[in-house]
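Each residue of the sequence shown is one higher than the one before, starting from 8 at the first, in my numbering. What follows is one structure encoded as structure tokens, with my remarks underneath.
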Amino acid sequence: PADGFENEAMRLAAETWNGEWWIVGGGGTAWDAMAYDDVANLLYIGTGNGAPWSRDIRSPGGGDNLYLSSI
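Pasting the structure below:
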């Protein structure tokens, strides 16, 4: 974020987060197994809660935390 966002979607998502979330992580946590589809050339990764888990640390001022469970 200090150097700007790589695309418009990331800029819009960042507006729904509060504080310096990039310092402590902020993204969805990968859970369990991953699956690779060699026909589609895609890797599927199940995601869960945000990191860090505590919203008070992750986004102390509130916000929707868009794309939280996305990689």
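We treat Cβ as the ideally placed atom computed from N, Cα and C, and that holds for glycine.
What does a CB cutoff of less than 7 Å around residue i pick up in its chain, not counting 5 residues either side in sequence?
i     : result
Phe12 : Arg18, Ala21
Met41 : Leu50, Tyr51, Ile52
Thr23 : Gly70, Asp71, Asn72, Leu73
Pro67 : Asn25, Gly26
Trp38 : Gly53, Thr54, Gly55
Taking residue i as part of the alpha helix (DSSP H), name the residues at either end of that continuous run.
i     : result
Ala16 : 15 to 21
Asp63 : 62 to 65
If we count the other Cβ atoms within 10 Å of its Cβ and call it buried at 16 or more, is residue i buried or exposed?
i     : result
Leu75 : buried
Trp60 : exposed
Starting from residue i and walking both ways along the beta strand (DSSP E), at which residues does that stretch end?
i     : result
Asp39 : 35 to 44
Asn72 : Segment: none, Asn72 is in no beta strand (DSSP E) and carries neither H nor E.
Asn25 : Segment: none, Asn25 is in no beta strand (DSSP E) and carries neither H nor E.
Suppose the cutoff is 6 Å on Cβ atoms and the five residues either side in sequence are ignored; what does the same chain contact list for residue i look like?
i     : result
Thr36 : Gly55, Asn56, Ala58
Tyr43 : Leu50
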